[in-house]
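Colleague: For reference, the structure I am asking about is given below.
In the numbering used here, the protein residues as written are 2 to 124.
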């Protein structure tokens, strides 16, 4: 499992792991818990361009449908095919095997720290 205190976050409940110019993106455990049991995940195509703050995917659960927002401007370099085949990974391991996309970016926008995100969700 990833050390969640070293990640960056969005107000839309995505986490971001920055490694060089690649941002690995997933949804937080808080978001996964609020969604309930995830049954379907739709992700953008590898090679597609994404814009920060725009909807780039969908996460469907037994309770509702959530949207995946891009936290950065860039190009999708990878999608996690494992979550498409086994969407329950978003619930069981949101910070590990449940990652969703990787995006190559040029400029990293200001994101939330772990402390800021924790305050946002009241933890």
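Positions of the beta carbon are idealized from the N, C-alpha and C atoms, including for glycine.
Going by CA-CA distance only, name the one from 33, 39, 27 that's closest to residue 19.
Modeller: To locate residue 19, count along the chain shown from 1; it is residue 18. Closest option to residue 19, Cα to Cα, is 27.
Colleague: In whole angstroms, what separates the C-alpha of residue 99 from that of residue 91?
Modeller: Walking along the chain shown from the start, residue 99 turns up at place 98. Walking along the chain shown from the start, residue 91 turns up at place 90. Cα to Cα, residue 99 sits roughly 4 Å from residue 91.
Colleague: Under 6 Å Cβ to Cβ from residue 78, same chain only, skipping five residues before and after it: list those, please.
Modeller: In the chain shown, residue 78 corresponds to position 77, counting from 1. Around residue 78: 103, 105.
Colleague: Between residue 47 and residue 60, which are expected to be in contact by the criterion C-beta below 8 Å, what is the C-beta distance as a whole number of angstroms?
Modeller: Along the chain shown, one-based indexing puts residue 47 at 46. Along the chain shown, one-based indexing puts residue 60 at 59. In fact, because the Cβ distance is near 18 Å, the residues do not count as touching under 8 Å.
Colleague: If you drop the 5 nearest sequence neighbours on each side, which residues of the same chain put their C-beta closer than 8 Å to that of residue 63?
Modeller: Within the chain shown, numbered from 1, the residue matching residue 63 stands at position 62. Counting only Cβ-Cβ distances below 8 Å, and skipping sequence neighbours, we find 37, 38, 40.
Colleague: Excluding five sequence neighbours on each side, which residues of the same chain lie with their C-beta closer than 6 Å to the C-beta of residue 32?
Modeller: Translated into positions along the chain shown, residue 32 becomes position 31. Closer than 6 Å at the Cβ level, and outside the excluded window around residue 32, lie 14.
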